[in-house]
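Structure, as structure tokens:
Numbering (this note's numbering), first residue to last: 34 to 123.
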């Protein structure tokens, strides 16, 4: 899904290369999503952000290159493993 937004400063484009999943939905219908997105025809990145229902508007979010995503995955896995170990010690 390729979109272009015209801002006051310059043109801005994004292309959702792959939708991975929805993390949550707000009462107003916006969804916090995990996607692979290319901004301004650049390198595709892992992207977590709020999107309007029609994907015409986006909220604040975070983008991660592959290396950062791998580190985040390792940190989350480590955190989960520690929590599992704690539960096992009870």
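Beta carbons: idealized from backbone N, C-alpha and C, even for Gly.
Extent of the continuous alpha helix (DSSP H) run through residue i
i, result
"residue 120", "99-122"
N- and C-terminal bounds of the beta strand (DSSP E) containing residue i
i, result
"residue 52", "44-58"
"residue 84", "78-84"
"residue 90", "No beta strand (DSSP E) holds residue 90; DSSP gives it neither H nor E."
"residue 71", "64-72"
Residue from the options whose Cα sits closest to the Cα of residue i
i, options, result
"residue 139", "86, 61, 65, 46", "An answer regarding residue 139 cannot be provided, because it is not within the stretch 34 to 123 covered by the chain."
"residue 87", "116, 121, 62", "62"
"residue 128", "90, 116, 113, 76", "Since the first residue of the chain shown is 34 and the last is 123, residue 128 is not available in this structure."
"residue 45", "81, 69, 107, 89", "89"
Cβ-based burial, residue i [other Cβ within 10 Å; buried from 16]
i, result
"residue 103", "exposed"
"residue 84", "buried"
"residue 108", "exposed"
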